[in-house]
Amino acid sequence: MTTYKHFDEIQQDIVNEFSIFPDWYSKYSYLIDLGKKLQGVPQEFCTEENRMLGCMSSVWIKCDHQDGRLFCQGMSDAAIVSGLIALVIRTYNGQKLEDVPTINLWFIKEIGLEDHLSPQRATGLSAMIDTIKKYAITAVHAQH
Numbered sequence: 000m001t002t003y004k005h006f007d008e009i010q011q012d013i014v015n016e017f018s019i020f021p022d023w024y025s026k027y028s029y030l031i032d033l034g035k036k037l038q039g040v041p042q043e044f045c046t047e048e049n050r051m052l053g054c055m056s057s058v059w060i061k062c063d064h065q066d067g068r069l070f071c072q073g074m075s076d077a078a079i080v081s082g083l084i085a086l087v088i089r090t091y092n093g094q095k096l097e098d099v100p101t102i103n104l105w106f107i108k109e110i111g112l113e114d115h116l117s118p119q120r121a122t123g124l125s126a127m128i129d130t131i132k133k134y135a136i137t138a139v140h141a142q143h
């Protein structure tokens, strides 16, 4: 049986990882590296249905669920946005569907990310989070 980390533990891991970097240049470099490590997704994944609205870059998020747990994939044509996707997906993947809508992604503020994103990127990040939460809500309702 697969065990999954609690979302707060995952977020604390992210905070700890970012705390080792002395400046935002290093943190952005790390964010870009995280984006490069996103598992490749098939080309058929890049459909209008999976395309995010509200993002300046091309962004695709695909959510699914199994055994009551959420699993997402994502990609972008922008390096920093890919890193943001990696962090968001890392936090949500494997979480119980019913928990997802109430998960507060406090790591964003804790690592200072909200102060270092352009307004457009902040809007895109918010849209990603909203899309994932809406998927979870719909999936929970479909199960009942």
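Residue numbering for the sequence shown follows numbering that gives the first Met the number 0, beginning at 0 and increasing consecutively.
Quick reminder that beta carbons are idealized off the backbone N, C-alpha and C, glycines included.
State the DSSP-derived secondary structure class of residue 65, mapped to helix, strand or coil. For the purposes of this step, residue 65 is taken as residue 66 along the sequence shown, with counting starting at 1. Here residue 65 sits in strand by DSSP.
Less than 9 Å separating the beta-carbons of residue 37 and residue 85? Against the sequence shown, residue 37 aligns to sequence position 38. Against the sequence shown, residue 85 aligns to sequence position 86. Yes. Within cutoff.
Of the residues 51, 122, 15, which one's Cα is nearest the Cα of residue 76? For the purposes of this step, residue 76 is taken as residue 77 along the sequence shown, with counting starting at 1. Looking at 51, 122, 15, the one whose alpha-carbon comes closest to that of residue 76 is 51.
Using the C-alpha atoms, what's the distance from residue 140 back to residue 134? Translated into positions along the sequence shown, residue 134 becomes position 135. Translated into positions along the sequence shown, residue 140 becomes position 141. A direct Cα-to-Cα measurement between residue 134 and residue 140 gives close to 10 Å.
Which two residues bound the contiguous alpha helix (DSSP H) that contains residue 91? As a first step, residue 91 must be located in the sequence shown, where it is residue number 92. Segment 78-91, the alpha helix (DSSP H) holding residue 91.
What separation, rounded to the nearest whole angstrom, lies between the Cα atoms of residue 6 and residue 102? Within the sequence shown, the letter at position 7 stands for residue 6. Within the sequence shown, the letter at position 103 stands for residue 102. The alpha-carbon atoms of residue 6 and residue 102 are separated by roughly 8 Å.
So what does residue 99 bridge to, in DSSP terms? Against the sequence shown, residue 99 aligns to sequence position 100. Answer is none; residue 99 lacks a bridge partner.
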